[in-house]
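Chemist: Take the sequence shown: its position 1031, counting from 1, is numbered 1031 in full-length UniProt numbering, and each next residue is one higher. One structure coming up, written as structure tokens, with questions to follow.
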Amino acid sequence: MAFVSWNCHGFRNKSSELKDIINSYKPACIALQETYIRDNDTVKIRDYSIFNNTSSSTRASGGVALAVANDIPSSCLHLNTNLQAVAVRMHIKSLITICSLYLPPHQPVHQTELDNLISQLPSPFLILGDLNGHSPLWGGTETNSRGRQIEQLLADHNICLLNNNEKTHFHLPTQTFHSIDLALCTPALLPFLNLTVDDNLHNSDHFPLIITDNRHNSANHYYSPKYVYNAADWQKFSSLADITSAIIDNCTVDEALENIISIIKTAADASIPLAKGTRRRQYKPWWNDLCQQAYKAQQKAWNTFRRYPTTANLIKFKKSKADSRRIQRQSQRLSWRKYISTITSSTSSKELWQKVKKACGNVPSHSISTLTHNDQTISSPKEIADTIASSLAQISSSRNYPDHFLAHKLKEEKTKLNFNTQSDLPYNNSFTLLEFQSCLSTVHNSAPGPDNIGYILIKHLTIESQTNILRLYNRIWQEQTFPTLWHQAIIIPILKPGKDATNPLNYRPIALTCCLCKLLERLVNRRLVHYLETNNIIHPHQSGFRKGRCTLDNLLSLETDIRLAFLQKKHLVAIFFDIEKAYDRTWRHGILSDLYAFGLRGNLPIFIRNFLRLRKFRVRVGFEFSDSYIQEEGVPQGSVLSVSLFIIKINNILHQLPSFVKGHLYVDDLYISCTGNHISFIEQQLQTAVHKIKHWSDFNGFNFSASKTSGVHFCRKRGLHLDPEIEMDGRIIQIENQVRFLGILFDRKLTFLSHVKCLRKRCERALNILKVLSNTSWGADRLSLQRIYRATILSKLDYGSAIYGSARNSVLKKLDPIHHSALRLCSGAFRTSPTSSLYVDCYEPPLEIRRQMLSLHYYLRISSNTRHPCHGFQLRPFLHRLQQARPSSVPTFFTRMHNLMKDFNLHEVPISLQPSFLPPWKDSEFKYLNPFGSFDKSNTSDTIFRQLFADHRLRFHDFVPIYTDGSKLSSRVSFAVVFPKSVSAFTLLPFCSIFTAEITAVFHALKQILKCPIGKYAIYTDSLSVLQALNSLHCKSHPLVFSVLDLYEKLISQGFSLVFCWVPSHVGIAGNEQADSNARSATHFSHEPVPVCDLKKRIKSCLQMKWQIHWDQELNNKLHSIKPIIENWSEDVNRKRSTILTRLRIGHTRFTHRHLLLGEPAPTCPHCSCTMSVKHILIECIHFKIHRLRFFNTSSPTLTTMIGRHPHIYLFEFLKITGFYPHI
């Protein structure tokens, strides 16, 4: 274990040297002086936490800092001193105090200030720093006043000196060496510490001091070793991880699980390398051979000067030092540009975000802090882990419940719940391989639990091994047992933002449970959710983690109620509740009682009961683990089932509300509201609701925090209106002017002004990412920058836009500058470029159009979901008349969307409804034939296909052939169904997709078969995508896929024999040609509902048309003449060429429009005496006529030819020879 003290003369410009020191000595703590860090500066060192004290000077000077390794428990000491000092307490075998101190040479220091500093440092301590004191006691040739002060300090406080007369400072003006950097410690530390001085200045004028603690073994691991999956040999792993049925069937469940874990871990150890558990090296990606050679030359010159300190050698050293610094800076600059330029449109999303995070310095790093518990300091990692674990266990303890609930709890738990049943319930059937693989395909790579087996290992097992894991799952399911290991979890404590790190209650527990268990939980959770949804058990106003539901549902309900209240000139008061430790204190027996009341019996509820029983956890801090603690109550952290179980327990709370009070939940985010003409009525109703909610919580184990619960009085009526007074637990609920609910700020006038301002600040900070990655001459390409913009900034603007989009235009326009700035950064456009040109050039619509598109998409989602509480929402007639009479009142969301749909002539289009929930245990029996699969259509003659089809018909001669086909032309969509004796052909709405037409044809064929006698039928279609969709059903499949499969199963159950077969189109198969011909000539219209996916495309085209109409009016826009049609053009990957091309197309360059920023007159052409413009330079100026003839073979080329969709290949050569290229 080592400590380093170094006067670095500037933290930022010595980051490279600091990394070298860290890699050489791996210090636990680095004391730095003269850091030159300002108060608002952010400094980082990987795997280290920085504690600094800046100088009081107005300029960047002085300052001290301590860099403490994150794997060592530490906490900062607050010093009451005017000295430049900073101190931390660290756990090195025991607690010691490290202080970094800098005493400027020309600043007087009083002895009392030094005494005061010493008195504030808990013993034992180590003081490191540049004290600027000279004395023979530590190797000086003379004694100055500062030296005498230090000598007196050592004598007065019995402090030991670690220095051994080695020189620590090189004074350049006099070319002399001095000892002014000192290391002082208390006597208790002296026997264990040794001091040496590094012989390298590291481009400072001070040598680093290295203090070694000989009590600590530096070879210890600091982190748990992890598998390096990128270097894995997956083929070897799959062959070694052979899980057989014998190891599952011939032992207990616990033994079988141990066997599986042992086999997987043995295979992983043999095929996947392990990362070291030590601290990582500080990486310098820009370091190359030139840097290494320059550094060696600098060191050689320094060693020569040390041996022969002449002026000539000093000059050589200074010259080599300057050369080395110049080469390193050039290398850093070139390496940065090269790295950023590797972010291109071909970069995968995962790799792109890894590069962005590295470029922005976003390296996750969690330091370990000492804790204060019961007025005692906890410092060792084991004790810290035990303290946090004990605090978490106390939170979930039943002792936290009130006495009246404990009595109720004891009474209820005496009643045993008998979940056993003799009935054969479908949700209790064994799990299928399809269920297993479906769940496995949805998981993301996450940290492994106590067994150290991650999802990625399970994914790379063979099908046989996965089948045998499923065999274990079904044993657990049918035998109604639960492995002991799966009751355990590892907790990683993460400090909550802005909280005191010394308080053990301020850490958020991140639970790591076994991935094998979580995979089984997913299987169980799918069945549980299906049962709850199909039986309408979950309250319709609970929107959390439900299919087709989201946070917008609750936001929409609140916004709609407020708008309607404003329309009727009424008051609306909403109360937003906060539940204390909601998940950690959920009553487990209450969950089981609710499951019993829901009618669940058999394997499913018994599994949940076993899952909740005897949950244990250990907290991991660094490499240390706490003892095992029991989580007595609450749903397990990190569990897949936890959210569903919590929703079950809190579900009944909404049934307690009075009829005049509305309530909505998003998991545990609860709000209630009441509307009325009189505040007294609202107050009475809400007070009744609060009492009922409180009474319900008293018997269900929840506790609402009165201090964190707040309300808002929404009102636009004139005059003074008192806020209601509503009590909870004897405390008046605070009525606020605004409240943040599910990420949206609701103010009492519902202007959304505060939300928009807050959103703009967040997005302005996020713009820094684009500024880092973009430059006019180098950087990431445009497509990559736009991907980053959409993910980091536009996503923030999109969230809730359907709700806050009802604000005034003057409010919403405050967000436009964010959009414009981002597009300028992405495209490299000049600052004076018109915003309309930015939109078209980047093919990114204005925010207004984007808000309309997202709002309409959300409206379609509601309209297609019959289970949504807002489905079929319509204003009552008198409200509709009131809205027309008060046009200044903002209409509700549904009125706004209806008007938009009416503008696009879509308001009368029938919308396909979402299909019912598909049972997760149900396997699709649909199969189809493809006798042509081994033949490539492009290389096979039509005759062969016809012969193959003839052979196929010979095999299925007793099946009645039915041919279906869909057709999509520019203005019509149609389909046809051909039976041996009849033909049906219909048209659909023109914006339906070809897939919709093809599957509608199949659906109509099945409906006609249903009317026919029971027999054998073969359906032939040339749409392979339809057959594949029917064969691979999932929750996001086309609505007609579900309809076809339902009708298919109905026909099979009635005794029909059906065969589906794919046939190639346009190869001369008579039935297919007839279906194609009839589809093209169809005239009768079929009133079929339109799928949401097709409507979304139609809405997009309507909004595109609306955008195009606005663009057509920009006749004077320079880009309009080049790009009259809004479409997406491919861009040059080279950033500089792309930026130049963008500026030329928009017509705004640095040369032609810089005068607008500087307030100067516009530049004029010296040859033509007219205003300079891009058009003039490229095609009009007579001075460049000869160059145009040379490069373009014409003296008057058009702008479209030169800078249109496909720029001329000699454009950039022309720009360079005219001298315009560097001024663009």
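For each residue, glycine too, the CB sits at the ideal point set by N, CA and C.
Roughly how many angstroms separate the alpha carbons of Leu1006 and Tyr1048, rounded to a whole number?
Modeler: As a working note, residue 1006 is residue 1006 in the sequence shown. As a working note, residue 1048 is residue 1048 in the sequence shown. Going from the Cα of Leu1006 to the Cα of Tyr1048 covers about 7 Å.
Chemist: Considering Lys1136, what are the terminal residues of the alpha helix (DSSP H) in which it resides?
Modeler: As a working note, residue 1136 is residue 1136 in the sequence shown. Unbroken alpha helix (DSSP H) run through Lys1136: Arg1135 to Ile1146.
Chemist: Rounded to whole angstroms, what is the Cα-Cα separation between Leu1215 and His1176?
Modeler: Here the question's residue 1215 lines up with position 1215 in the sequence shown. Here the question's residue 1176 lines up with position 1176 in the sequence shown. Whole-angstrom Cα-Cα distance: 13 Å.
Chemist: With respect to the beta strand (DSSP E) encompassing Asn53, which residues constitute its N-terminal and C-terminal limits?
Modeler: Residue numbering aside, residue 53 sits at position 53 when the sequence shown is read from its first letter. Segment Tyr48 to Asn53, the beta strand (DSSP E) holding Asn53.
Chemist: Mind reading off the beta-carbon distance from Ile769 to Ile788? Whole number of angstroms is fine, and I expect it under 8 Å.
Modeler: Position 769 of the sequence shown, counting from 1, holds the residue named residue 769. Position 788 of the sequence shown, counting from 1, holds the residue named residue 788. Contact flag correct, Cβ pair sits at about 6 Å.
Chemist: Could you tell me which of Arg609, Ser628, Gln568 and Ala706 sits nearest to Asn677, measuring between CA atoms?
Modeler: Indexing the sequence shown from 1 puts residue 677 at position 677. Comparing Cα positions, the closest option is Gln568.
Chemist: Buried or exposed: which applies to His91, given that a residue is buried once 16 or more other Cβ atoms fall within 10 Å of its Cβ?
Modeler: To locate residue 91, count along the sequence shown from 1; it is residue 91. Burial call: buried.
Chemist: For Ile726, does the three-state DSSP call read helix, strand or coil?
Modeler: Counting from one through the sequence shown, the residue named residue 726 turns up at place 726. It is coil, neither helix nor strand.
Chemist: Roughly how many angstroms separate the alpha carbons of Ala501 and Cys76, rounded to a whole number?
Modeler: On the sequence shown, residue 501 is found 501 positions in, with the first residue counted as 1. On the sequence shown, residue 76 is found 76 positions in, with the first residue counted as 1. Answer to the nearest angstrom: the Cα atoms are 10 Å apart.
Chemist: What is the rounded straight-line gap between the Cα of Ala219 and the Cα of Ala267?
Modeler: Residue numbering aside, residue 219 sits at position 219 when the sequence shown is read from its first letter. Residue numbering aside, residue 267 sits at position 267 when the sequence shown is read from its first letter. Because the pLDDT at Ala219 is just 43, under 50, the model does not fix this residue reliably, and the value given afterwards should be weighed accordingly. Rounded to the nearest angstrom, the two C-alpha atoms are 27 Å apart.
Chemist: Does the Cβ-Cβ distance between Leu184 and Ile127 come in under 8 Å?
Modeler: For this step, residue 184 is matched to residue 184 along the sequence shown. For this step, residue 127 is matched to residue 127 along the sequence shown. In this structure, Ile127 lies closer than 8 Å to Leu184 by Cβ.
Chemist: Could you tell me the distance, in whole angstroms, from the CA atom of Lys321 to the CA atom of Ala301?
Modeler: As a working note, residue 321 is residue 321 in the sequence shown. As a working note, residue 301 is residue 301 in the sequence shown. Computed Cα separation, rounded: 9 Å.
Chemist: Does the segment 959 to 973 touch the segment 915 to 934, meaning 3 or more C-beta pairs lie closer than 8 Å?
Modeler: The answer is no - the segment 959 to 973 does not touch the segment 915 to 934, with fewer than three Cβ pairs under 8 Å.
Chemist: Does the segment 1096 to 1112 touch the segment 1155 to 1175, meaning 3 or more C-beta pairs lie closer than 8 Å?
Modeler: Not touching, per the Cβ criterion.
Chemist: From the DSSP output, read off the bridge partner residues of Trp6.
Modeler: Within the sequence shown, the letter at position 6 stands for residue 6. For Trp6, which the question treats as bridged, DSSP gives the partners Leu32.
Chemist: Look up Tyr666 in the DSSP assignment and give the residues it is bridged to.
Modeler: Walking along the sequence shown from the start, residue 666 turns up at place 666. The partner list for Tyr666 (beta bridge, DSSP) reads Asp669.
Chemist: Can you give me the C-alpha to C-alpha distance between Ile979 and Gly1204, rounded to a whole angstrom?
Modeler: As a position in the sequence shown, residue 979 is number 979, starting the count at 1. As a position in the sequence shown, residue 1204 is number 1204, starting the count at 1. At residue 979 the sequence reads Phe, which differs from the Ile that was named. In a straight line, the C-alpha of Phe979 is about 52 Å away from that of Gly1204.
Chemist: Rounded to whole angstroms, what is the Cα-Cα separation between Asp1022 and Glu1073?
Modeler: Looking up residue 1022 in the sequence shown gives position 1022. Looking up residue 1073 in the sequence shown gives position 1073. Going from the Cα of Asp1022 to the Cα of Glu1073 covers about 10 Å.
Chemist: With a threshold of 16 other CB atoms inside 10 Å of the CB of His221, please say whether the residue is buried or exposed.
Modeler: Translated into the one-based positions of the sequence shown, residue 221 becomes position 221. For His221, the pLDDT reaches just 46, beneath the cut-off of 50, and the residue's location in the model is therefore unreliable, although a value from the coordinates is still provided. Exposed.
Chemist: Confirm, please, whether the CB-CB distance from Leu906 to Leu1040 is below 8 Å.
Modeler: Taking the first residue of the sequence shown as 1, we reach residue 1040 at position 1040. Taking the first residue of the sequence shown as 1, we reach residue 906 at position 906. Against a cut-off of 8 Å, the Cβ pair of Leu906 and Leu1040 comes out as no contact.
Chemist: Apart from the five residues on each side of it in sequence, which residues of its chain come closer than 8 Å, Cβ to Cβ, to Gln480?
Modeler: Counting from one through the sequence shown, the residue named residue 480 turns up at place 480. Excluding positions up to five away in sequence, the list reads Asn603, Ile606, Phe607 and Asn610.
Chemist: Looking at the structure shown, is Asn220 part of a helix, part of a strand, or coil, going by DSSP?
Modeler: Here residue 220 corresponds to residue number 220 of the sequence shown, with the count starting at 1. Bear in mind that a pLDDT of 49 at Asn220, under 50, signals an unreliable position, so the model cannot answer this.
Chemist: Taking only the alpha-carbon atoms, compute the straight-line gap between His880 and Phe893 and give it to the nearest angstrom.
Modeler: Along the sequence shown, one-based indexing puts residue 880 at 880. Along the sequence shown, one-based indexing puts residue 893 at 893. His880 and Phe893: Cα-Cα distance of roughly 13 Å.
Chemist: Is Asn899 buried or exposed, if buried means 16 or more other CB atoms sit within 10 Å of its CB?
Modeler: Residue mapping note: residue 899 aligns to position 899 of the sequence shown, counting from 1. Its Cβ having fewer than 16 others within 10 Å, Asn899 is exposed.
Chemist: Run through DSSP, which three-state label would Phe125 get?
Modeler: In the sequence shown, residue 125 corresponds to position 125, counting from 1. The answer is strand: DSSP assigns Phe125 an E or B state.
Chemist: Indicate whether Ser135 and Ile150 have their beta-carbon atoms separated by less than 8 Å.
Modeler: Reading the sequence shown from its first residue, position 135 is the one you call residue 135. Reading the sequence shown from its first residue, position 150 is the one you call residue 150. A contact, by the Cβ cut-off of 8 Å.
Chemist: In this structure, how does DSSP classify Phe431 when only helix, strand and coil are distinguished?
Modeler: Residue numbering aside, residue 431 sits at position 431 when the sequence shown is read from its first letter. Phe431 falls in the coil class under three-state DSSP.
Chemist: With hydrogens ignored, establish whether the beta-carbon of Ser1032 is closer than 7 Å to any heavy atom of the ligand ATP.
Modeler: The ligand ATP is absent from the structure shown, which contains no ligand whatsoever.
Chemist: Which one of Tyr596, Tyr1210, Leu440 and Ser331 has the shortest CA to CA distance from Thr415?
Modeler: Along the sequence shown, one-based indexing puts residue 415 at 415. With distances taken between Cα atoms, Thr415 lies closest to Tyr596.
Chemist: So, helix, strand or coil for Asn13, using DSSP?
Modeler: In the sequence shown, residue 13 corresponds to position 13, counting from 1. The answer is helix: DSSP assigns Asn13 an H, G or I state.
Chemist: Once the 5 residues before and after Ala689 are set aside, which same chain residues still bring their CB inside 7 Å of it?
Modeler: Looking up residue 689 in the sequence shown gives position 689. For Ala689, where only same-chain residues beyond five positions count, the Cβ hits under 7 Å are Leu657, Pro658, Val661 and Ile672.
Chemist: Whole angstroms are fine: how far does the CA of Phe1003 sit from the CA of Leu1033?
Modeler: Counting from 1 along the sequence shown, the entry for residue 1033 is found at position 1033. Counting from 1 along the sequence shown, the entry for residue 1003 is found at position 1003. Between Leu1033 and Phe1003, the C-alpha separation is close to 16 Å.
Chemist: Just how far apart, CA to CA, sit Ile647 and Arg527?
Modeler: What you label residue 647 is simply residue 647 of the sequence shown in a count that begins at 1. What you label residue 527 is simply residue 527 of the sequence shown in a count that begins at 1. One C-alpha to the other measures close to 15 Å.
Chemist: Go through its chain and collect everything with a Cβ distance to Phe1056's Cβ below 6 Å, but skip five positions before and after it.
Modeler: Within the sequence shown, the letter at position 1056 stands for residue 1056. Counting only Cβ-Cβ distances below 6 Å, and skipping sequence neighbours, we find Ile1014.
Chemist: When the Cα atoms are used, what is the spatial distance from Arg790 to Asn809?
Modeler: Translated into the one-based positions of the sequence shown, residue 790 becomes position 790. Translated into the one-based positions of the sequence shown, residue 809 becomes position 809. Cα to Cα, the separation comes out at about 22 Å.
Chemist: Taking the continuous alpha helix (DSSP H) assigned at Arg824, which residues delimit it?
Modeler: Residue numbering aside, residue 824 sits at position 824 when the sequence shown is read from its first letter. Asp816 to Ser827 is the extent of the alpha helix (DSSP H) around Arg824.
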